[in-house]
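From first to last, the protein sequence lines stand for chains B and L.
Residue numbering for the first sequence follows numbering that gives the first Met the number 0, starting at 0 and increasing by one per position.
Residue numbering for the second sequence follows numbering that gives the first Met the number 0, starting at 0 and increasing by one per position.
For every residue, glycine included, the Cβ atom is placed at its ideal position computed from N, Cα and C.
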Amino acid sequence: MKKALALILVLALCLCLFAGCANNGAASGGSENAAANAENNAATNAEAASGYALDKSWPAEKVKIGVIAFDTTDESFMGVMEYYNYLAQYYNVEFTVSEAIQSAEHEFQFIDSCAAAGCKGIIAYYNVAGAESIKHCTDQGMYYWGMAEFYESVKDDPHFVGGYTFSNPDDPDAKNGDYMGGYELGLTMGNAGLKHIAFCNGGASFGVQMFIDRQQGFFDGIAAAQAAGSETQFDPAVDVIEGFPDEAYFAAQAAFFSADYDGVVVSFDAFTWFQPIIESGKDIKVGCIGTVSETYKSFVDNGTVIALVYDCPEIVFGSAFADLMNAITGHEDLTRTADGLALLNPTQRWTLSGADDFNAVYEKHINDESFFVTAEQMATILGDLNESATRDDVCAMFNKSLDDCLK
Amino acid sequence: MKLAKIGKNIGMTLVLPAAVYLFFLLLCNATGHTGFGVGNDLITIIYNAVYAGLVAQAMAINVTTGRFDYAIGAELVLATILGGNLANTLGWGPIGLLLCVVLIAAAIGAISGLVYTALKLPPMVVSVGLAMIYEAVAFMYNKAKGVCLIGNPMLVFAKTGMSLILTVVVLAVLVVIYDYTKIGYNRRALQGGQKIAVDVGINEKRNAVYCYVIAGVMMGLAGCMYLSKNGVVAPETGLGSASYFMSAFLPMFIGGIFAKYSSYPVAIFMGAVVQAIITSGLQKLGVSNSLQTVLNGMIVCAFLIYSSNSYKLVEAQLFREKLAKAKAARQAAL
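1) So, is the C-beta of GLY239 of chain L closer than 8 Å to a C-beta in chain B?
2) What residues in the segment 87-110 of chain B bring their beta carbon closer than 7 Å to a beta carbon of chain L?
3) Express the C-alpha separation of ASP169 of chain B and LYS406 of chain B in angstroms, rounding to a whole number.
4) Considering just the uninterrupted stretch of the alpha helix (DSSP H) at PHE198 of chain B, what are its terminal residues?
5) I think TYR211 of chain L touches ASN61 of chain L, with their Cβ atoms under 8 Å apart; what is that distance to the nearest whole Å?
6) Check each residue of the segment 261-279 of chain B: if its Cβ is closer than 7 Å to any Cβ of chain L, include it; give the result in chain order.
7) Using the beta-carbon of each residue, which ones in chain B are nearer than 8 Å to GLN282 of chain L?
8) LEU148 of chain L by DSSP, collapsed to three states: which one?
9) In chain order, what residues of the same chain lie with their CB nearer than 6 Å to the CB of VAL167 of chain L, ignoring the 5 residues before and after it?
10) Is the shortest distance between the beta-carbon of GLU241 of chain B and the beta-carbons of chain L less than 8 Å?
11) Just how far apart, CA to CA, sit ILE196 of chain B and THR231 of chain B?
12) The beta strand (DSSP E) that contains ASN344 of chain B, what's its start and end?
13) Ordered along the chain, which non-local residues of its own chain (more than five positions away) have a Cβ less than 6 Å from that of PHE316 of chain B?
14) Enumerate in chain order the residues of its own chain whose CB-to-CB distance from SER56 of chain B is below 8 Å, with the five nearest sequence positions on each side excluded.
15) Residues of chain B with CB closer than 9 Å to the CB of ALA275 of chain L, please, in chain order.
16) Output yes if chain L places a C-beta closer than 8 Å to the C-beta of MET209 of chain B; else output no.
17) Between ALA224 of chain B and the rest of its own chain, which residues show a CB-CB distance below 6 Å, the 5 nearest in sequence each way excluded?
18) Could you check which residue in L:VAL54, L:GLN282, L:MET131 has the C-alpha nearest to that of PHE35 of chain L?
19) Nearest to ILE253 of chain L by CA position, among L:ALA55, L:ASN206, L:MET123, is which residue?
20) Is ALA35 of chain B helix, strand or coil when you go by DSSP?
21) With distances taken Cα to Cα, identify the nearest neighbour of PRO250 of chain L among L:ALA78, L:TYR50, L:ILE149.
22) Return yes when the Cβ of ASP322 of chain B is within less than 8 Å of the Cβ of VAL160 of chain B, no when it is not.
23) So, LYS281 of chain B versus PHE256 of chain B, is the Cβ gap smaller than 8 Å?
24) For VAL79 of chain B, would you say it is in contact with chain L, using Cβ-to-Cβ distances shorter than 8 Å as the test?
25) Do three or more CB pairs link the segment 231-247 of chain L to the segment 64-75 of chain L at distances below 8 Å?
26) Is there a Cβ of chain L sitting closer than 8 Å to that of THR71 of chain B, yes or no?
27) Alpha carbon to alpha carbon, how far is LEU15 of chain L from LYS259 of chain L? Give it in angstroms, no decimals.
28) On the three-state DSSP scale, how would you describe SER97 of chain B?
29) Using alpha carbons as the reference points, say which of B:PHE165, B:ASN126, B:GLU93, B:CYS118 lies closest to PRO345 of chain B.
30) Check whether chain B comes within 8 Å of TYR267 of chain L, counting only Cβ atoms and requiring the distance to be less than that.
31) Does the CB of ALA51 of chain L have a neighbour CB from chain B at under 8 Å?
32) Once the 5 residues before and after TYR361 of chain B are set aside, which same chain residues still bring their CB inside 8 Å of it?
33) Cβ closer than 9 Å: which chain C residues qualify as neighbours of SER204 of chain B?
34) Out of B:ASP155, B:CYS136, B:PHE217, B:THR373, which has the shortest C-alpha to C-alpha gap to GLY176 of chain B?
35) Less than 8 Å separating the beta-carbons of ALA378 of chain B and LEU53 of chain B?
36) Taking Cβ positions, are ILE107 of chain L and ALA78 of chain L nearer each other than 8 Å?
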């Protein structure tokens, strides 16, 4: 009995280690249906554009790609994986997702295990070890796609295929995407006619750079709105709620509802605000960095969420697939500049400022179970499938605003 | 005489929360920070106290007998996700939510207890493994969407009235279990010395399973409160569920010190009240999150140091009494 139980426990433990490593299924949600629905007409269109039948026959040998994540339960990350798993319905690829990476050592271990499993590339949705992580990956012969922060130190590494940037690469004073997300929120909320707003700064007080940038962007955005005539009140010294939901956060939330605030900006997802807003009975407007999901829909529709900074998965992270597949299949030229350096794909972080914007994305992703960059469109920028594909085509595919996508 | 002792015990039970409340009230007023301990702030103090109190009860019932249960956070997450979705699907309302979550949490607690007693491995090792399994199940269920009941009328357990009713019922039941049932007597015997207790015929395994079930029930109740407060509970991975029981330690240590004046569950709850008041007070004073973390750590350390060394005070007192008696005897002899 004891041995049997021990055996069952060991097996269960082994299985649960793979729970976060959903590939082609667990988090794919409706993508299987999407694949089935879109398959017929997609195949026809793609054949017309690239000659590829979208039947998983390319590449001939299955390509394995590892994805580094900081939180596999995060809605934004799950949206990205839904897109990759959608692509895996049409191409001969397999994605392996890390557990929630908590340290540089943990990140190196995942990269090592990917190399051992025969992965050809790594997508960094998260990077805790910086350029060391990229080097660790490329030293083992795997291609690496990731964020712009570490670009300068690895741009000439032939196995580094670049990444994405929200900034204009030609502008030396350009701010990063987190700053600009915060700025957009500050500007939008500042111009929304609100009287007094608070800002939840997430990990800014703990020194997390991403949140520090978002906070600075918000401060500058609200200041710009005020300079342009907005009467919205915001004082960085007293109107900032620090940290993430815990006892102290709830205490600050209580103070918020006791005061005269009519708006709150959250530098992460705003789920923990909706129920308290309902309970308070107050008309509080919310701006946040979030996702297009069922949870947000009703609060966008009823006018509670008036600004949502959103990273559309296929627009921001779709180029990872194109860059890695082009590099792996011998079309490195499509991932590099004329002088051989890795190239960052300029892309756009969308600010959904109202129900129309939100519902346009919701309609596409949730109702139609489709994406703004489909598998057949992807085929047109893969060198093996479309000989005339150029680097500019790759950039143009992902540097799109919501309006561009809706045209 | 008996009334005086009861009065003293009540006084000692309430003195720390009252003193801390008074301290922050005066400090906030003196520094011009209004609104401490009234209105919304009081509601939050009550919520934080009840939630942390429930989690601390779940932690304490096993820790005091040498079993650190790392899986209680994962139990909360899994039970709330499964129970919340089930109650929502069945449309059973608040009572249904409570029943579904608590029963599932109790069942998960029973599984933890049975696995621990069957494997005879160190409880920390078993509970870390079980936490990973529970987290994985919660992650795989419902396409990793957890439970989202924002705006659902069944979310009533974070309201002040309901929180207080819950507290009274839970404390009454726990006091009976701890102080007036065989489970409680056996638990205390095992706490005092496992080998002796087992040698005199106490069934340690059965008692451990009961304790795990009670811990599960407490986490189920805490899950209902958390869900009612936030409307959502998301799955966790990589032992991230541990964040759910981080607020349990200070109440547990305070409870250990003040238990002699009332009952252990009551003392733990008073500890949770103290912690909630400190959190709100520091928040009102505008103390930064980082400094709050440092201060909380220092307070936990202070209580740990006191509880680990309190016997020395008793020894010193006994020594003084003995010395006084000896001196008096020598005086008399002279």
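On the basis of the data shown:
1) yes
2) GLU98, ALA99, GLN101
3) 27 Å
4) Looking at the DSSP string, PHE198 of chain B is not in any alpha helix (DSSP H); the run it does join, the beta strand (DSSP E), is 196-199.
5) 7 Å
6) PHE270, THR271, PHE273, GLN274, ILE277
7) ALA247, ALA250, ALA251, ALA254
8) coil
9) none
10) yes
11) 7 Å
12) 343-345
13) VAL79
14) ASN91
15) GLU246, ALA250
16) no
17) LEU186, GLY189, ASN190
18) L:GLN282
19) L:ALA55
20) Note that ALA35 of chain B scores a pLDDT of 44, beneath 50, so its modelled location is shaky; the value from the coordinates is reported in the next line. Helix, per DSSP.
21) L:TYR50
22) yes
23) yes
24) no
25) yes
26) yes
27) 14 Å
28) strand
29) B:PHE165
30) Correcting the residue identity first, residue 267 of chain L is Ile in this sequence and not Tyr. No - not a single Cβ of chain B is within 8 Å of the one on ILE267 of chain L.
31) yes
32) VAL291, LYS296
33) The structure shown contains no chain C; its protein chains are B and L.
34) B:PHE217
35) yes
36) yes
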